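Asks: Chains as they are written, first to last, in this note's numbering: chain A, 90 to 319; chain B, 90 to 319. Think of the CB as a built atom: it goes at the ideal place given N, C-alpha and C, for glycine as much as any other residue. None of the values given here were measured: they were computed from a predicted structure. The structure under discussion is supplied below as structure tokens; questions concerning it will follow.
There are 2 protein chains.
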Amino acid sequence: MPVGSDPTATRPRLTRERVLGCALDVADAGGIASLTIRSLAAELGVKPMSVYHHVANKEAILDGIVDLVFAEMELFPRDADGAWRDQIVRRAHATRHALRRHPWAIGLLESRSTPGPATLRHQEETIRILREAGFSVEMTAHASALLDSFVCGFAVQEAARPFGVTSTRPSDERGDSSPVDTEAYPHLAEMAEKHMLRPGYDFGEEFQLGLDLILGALNRSAHAGHLAPS
Amino acid sequence: MPVGSDPTATRPRLTRERVLGCALDVADAGGIASLTIRSLAAELGVKPMSVYHHVANKEAILDGIVDLVFAEMELFPRDADGAWRDQIVRRAHATRHALRRHPWAIGLLESRSTPGPATLRHQEETIRILREAGFSVEMTAHASALLDSFVCGFAVQEAARPFGVTSTRPSDERGDSSPVDTEAYPHLAEMAEKHMLRPGYDFGEEFQLGLDLILGALNRSAHAGHLAPS
DNA sequence: CCATTCTACCGTACTTAGTACGATTCGGCT
DNA sequence: AGCCGAATCGTACTAAGTACGGTAGAATGG
């Protein structure tokens with residue numbers, strides 16, 4: 090019965106790419122918890138069971154969108170000729186920004202043990218830069234472990250950052266709305282008051298500072314002075 | 090009808106502490122996905138709805154067990170008199186070990202924005218050590234952000250580490266069982282072959298190396314030479 | 001041009017999970 | 001003994017993952 094609108098004509102046909110891309114959009118819009126087979130199917134204009142013809146199960150979707158996030162990190166000017174230090178810095182910022190755009194990806198990283206191609210390319214590229222900068226195999230292993238840890242950990246800090254709104258907790262005992270309990274955590278309170286809660290403070294700036302400190306130390310440690318970078 | 094065994098006599102009475110402690114055990118035993126209200130209740134020897142009289146909802150349970158993990162980090166010799174560097178190192182190792190024992194906690198960190206008391210004590214203590222070591226407020230902020238990022242990020246790397254079993258993938262095109270595709274990722278392959286996959290290699294050693302490098306750089310950066318530590 | 005077959009999509013239904021709501025039980029008080 | 005509040009439980013509703021089988025339209029072969 091060819092009566093009424095034909096929905097299949099206007100639908101761009103389901104593919105694995107479309108499924109994963111849409112899944113990423115849903116996760117970005119409402120958090121990873123809002124990404125369900127049903128919400129995804131609705132967004133795709135399709136019935137739930139249809140997506141199972143393009144992905145094995147939900148785990149595969151999660152693997153897929155994590156790899157999409159890594160793929161996003163590759164979308165920045167490569168500049169393979171620049172100093173190794175600049176290359177590393179650019180990559181680190183690209184990684185941080187991707188994880189900031191998709192904070193749910195951080196929580197997924199821990200449970201995923203089968204890296205996708207973009208994830209592997211990401212690792213490969215970091216190692217390549219360091220090796221071509223003259224680092225030994227051992228030193229490259231140390232440096233990449235250190236750098237990856239810092240970048241990834243910083244993203245976690247940023248995602249979990251509770252400051253900014255003093256939270257919605259009605260402050261149990263006293264009626265003060267101080268962001269931190271000054272008596273129980275004096276140093277934390279001092280830090281918050283004198284540094285973090287200042288008007289122009291941006292936690293993101295700690296990223297460049299930490300990165301510079303690490304890169305400076307790596308440079309010293311590996312090249313012992315002969316090969317001045319920045 | 091007082092016939093049969095009286096189950097309430099032998100049960101130690103439910104409390105918030107018992108609920109959270111048991112939730113942590115369940116998560117440790119079967120992963121965070123296996124922690125459901127029902128599995129938790131079964132482990133407690135109680136019906137599902139009973140736990141809701143001690144915690145608001147599942148989110149509160151997750152908040153609670155994350156804080157328990159942080160509390161676990163406090164169970165190490167304090168030695169508040171030692172050199173600041175040693176204190177930081179001990180704390181870092183305690184943190185890493187706690188996150189290794191409870192890898193699911195890492196994935197939870199990202200989504201939790203209301204830190205518990207143990208979490209706050211943990212922050213407070215790090216800041217205290219640095220401040221009492223003579224770091225300025227600003228430098229302490231930089232140092233603690235850097236250190237926390239590294240420790241936390243390292244834990245993520247460790248949890249997500251795919252190496253060790255070459256995975257169960259039947260290697261798509263070629264029949265080789267090489268852990269990494271040598272042609273597509275030459276540097277990664279070299280690194281794996283010449284370093285990671287060596288008999289005595291332990292990724293955990295990268296932790297101490299990275300930590301030492303960071304602490305050395307912090308020391309230099311902050312004290313400019315006058316206050317030689319280790 | 002029709003029959004077969006393959007693929008993509010869908011309908012139904014089963015299972016598990018979170019939890020609202022009200023009933024019930026129990027320990028301690030007067 | 002009788003009462004009260006807190007702890008526990010029974011029932012049931014909703015949502016999510018997905019197994020299983022059906023169907024319709026495109027591709028293929030005669």
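Quick one: give me the first and last residue of the alpha helix (DSSP H) that residue 203 of chain B is part of.
Replies: No alpha helix (DSSP H) contains residue 203 of chain B, which DSSP labels as neither H nor E.
Asks: Report yes or no: is there a C-beta of chain B within less than 8 Å of the C-beta of residue 265 of chain A?
Replies: Confidence is the limiting factor: at residue 265 of chain A the pLDDT is only 40, short of 50, which leaves the residue's position unreliable and the question unanswerable from this model.
Asks: Grouping DSSP H, G and I as helix and E and B as strand, with all else coil, what is residue 261 of chain B?
Replies: Caution is warranted here: a pLDDT of 39 is assigned to residue 261 of chain B, below 50, making its placement in the model unreliable, and the coordinate value is therefore given only provisionally. Three-state DSSP puts residue 261 of chain B in coil, outside helix and strand.
Asks: Are the beta-carbon atoms of residue 236 of chain A and residue 229 of chain A separated by less than 8 Å?
Replies: No, these two residues do not count as a Cβ contact at 8 Å.
Asks: Interface residues of chain A around residue 283 of chain B at Cβ under 8 Å?
Replies: Going along chain A in sequence order, the residues near residue 283 of chain B (Cβ under 8 Å) are 226.
Asks: Output needed in chain order: residues of the stretch 148–160 of chain A with a Cβ under 8 Å from some Cβ in chain B.
Replies: Against chain B - using a Cβ distance shorter than 8 Å - the stretch 148–160 of chain A contributes no residues.
Asks: According to the Cβ coordinates, are residue 207 of chain B and residue 149 of chain B closer than 8 Å?
Replies: In this structure, residue 149 of chain B does not lie closer than 8 Å to residue 207 of chain B by Cβ.
Asks: As a quick exercise: from B/238, B/214, B/135, B/172, pick the residue whose alpha carbon is nearest that of residue 308 of chain B.
Replies: Of the candidates B/238, B/214, B/135, B/172, the one whose C-alpha sits nearest the C-alpha of residue 308 of chain B is B/172.
Asks: Which whole-angstrom value describes the C-beta separation of residue 305 of chain A and residue 306 of chain B, a residue pair presumed to lie in contact below a C-beta threshold of 8 Å?
Replies: 6 Å between Cβ atoms; contact.
Asks: Taking 7 Å as the cut-off, is the CB of residue 241 of chain B close to at least one heavy atom of the ligand MG?
Replies: For the ligand MG, the structure offers nothing, since it holds no ligand at all.
Asks: Which of helix, strand or coil does DSSP assign to residue 147 of chain A?
Replies: Helix at residue 147 of chain A.
Asks: Should residue 259 of chain B be flagged as near chain A, meaning a C-beta pair shorter than 8 Å?
Replies: Confidence is the limiting factor: at residue 259 of chain B the pLDDT is only 40, short of 50, which leaves the residue's position unreliable, though a coordinate-based value still follows. So no, residue 259 of chain B is outside the interface.
Asks: Can you tell me the Cα-Cα spacing of residue 278 of chain A and residue 112 of chain B, whole angstroms?
Replies: Going by the C-alpha atoms only, they are around 31 Å apart.
Asks: Would you say residue 180 of chain A faces chain B, with C-beta separation under 8 Å as the test?
Replies: No, residue 180 of chain A lies away from the interface with chain B (no Cβ there is under 8 Å from its Cβ).
Asks: Measuring CB atoms only, is the stretch 122–142 of chain B touching the stretch 161–168 of chain B, in the sense that at least three cross pairs come out at less than 8 Å?
Replies: At 8 Å Cβ cutoff, the stretches do not touch.
Asks: Residue 227 of chain A: which of B/202, B/182, B/282 sits nearest, CA to CA?
Replies: The residue with the shortest Cα to Cα distance from residue 227 of chain A is B/282.
Asks: What is the DSSP secondary structure of residue 271 of chain B, reduced to helix, strand or coil?
Replies: The answer is coil: DSSP assigns residue 271 of chain B none of H, G, I, E or B.
Asks: Counting only beta-carbon atoms, is residue 291 of chain A nearer than 8 Å to chain B?
Replies: With 8 Å as the cut-off, residue 291 of chain A does not count as an interface residue toward chain B.
Asks: I'd like to check one pair, residue 103 of chain B with residue 115 of chain B: are the Cβ atoms closer than 8 Å?
Replies: Taking 8 Å as the Cβ cut-off, residue 115 of chain B and residue 103 of chain B do not qualify as a contacting pair.
Asks: How many Å lie between residue 209 of chain B and residue 139 of chain A at the Cα?
Replies: Computed Cα separation, rounded: 46 Å.
Asks: Can the beta-carbon of residue 238 of chain A be found less than 8 Å from the beta-carbon of residue 299 of chain B?
Replies: Contact: yes.
Asks: In chain A, which residues lie with their C-beta within 7 Å of the C-beta of residue 305 of chain B?
Replies: Those are 306, listed as they occur along chain A.
Asks: I'd like to know whether the C-beta of residue 125 of chain B is nearer than 8 Å to at least one C-beta of chain A.
Replies: It does not; no Cβ of chain A falls within 8 Å.
Asks: Quick check: is the beta carbon of residue 192 of chain B nearer than 8 Å to any beta carbon in chain A?
Replies: Yes, residue 192 of chain B counts as interfacial toward chain A.
Asks: Just list the alpha helix (DSSP H) runs in the stretch 206–248 of chain A, keeping only unbroken ones of 4 residues or longer that don't cross its boundaries, in chain order.
Replies: The stretch 206–248 of chain A contains these whole alpha helix (DSSP H) runs: 206–221.
Asks: On the three-state DSSP scale, how would you describe residue 166 of chain A?
Replies: Coil.
Asks: Give the DSSP-derived three-state secondary structure of residue 119 of chain B in the structure shown.
Replies: Helix, per DSSP.
Asks: Pick helix, strand or coil for residue 287 of chain B, following the three-state DSSP scheme.
Replies: Looking at residue 287 of chain B - three-state DSSP - the assignment turns out to be coil, as it is neither helix nor strand.
Asks: Classify residue 196 of chain B as buried or exposed, calling it buried when 16 or more other Cβ atoms lie within 10 Å of its own Cβ.
Replies: Buried: at least 16 other Cβ atoms inside 10 Å.
Asks: Against residue 276 of chain B, what residues of chain A qualify as contacts under a CB-to-CB distance less than 7 Å, listed in chain order?
Replies: Within chain A, the residues near residue 276 of chain B are 213, 216, 217, 220.
Asks: Within this structure, are the beta carbons of residue 144 of chain A and residue 198 of chain A separated by less than 8 Å?
Replies: No; because the gap between Cβ atoms is not below 8 Å, this pair is not in contact.
Asks: Could you check whether residue 178 of chain B and residue 242 of chain A sit closer than 8 Å to each other, using their CB atoms as the reference points?
Replies: Contact: no.
Asks: Whose C-alpha, out of B/174, B/152, B/234, B/223, is nearest the C-alpha of residue 203 of chain B?
Replies: The shortest Cα separation from residue 203 of chain B among B/174, B/152, B/234, B/223 belongs to B/152.
Asks: Do residue 189 of chain A and residue 247 of chain A count as a contact pair if the criterion is CB distance below 8 Å?
Replies: Yes, these two residues count as a Cβ contact at 8 Å.
Asks: With 16 as the cutoff for other CB atoms within 10 Å, does residue 106 of chain B come out buried or exposed?
Replies: Residue 106 of chain B should be labelled exposed.
Asks: For residue 295 of chain B, count neighbouring Cβ atoms within 10 angstroms of its own Cβ and tell me buried if that reaches 16, exposed if not.
Replies: Result: buried.
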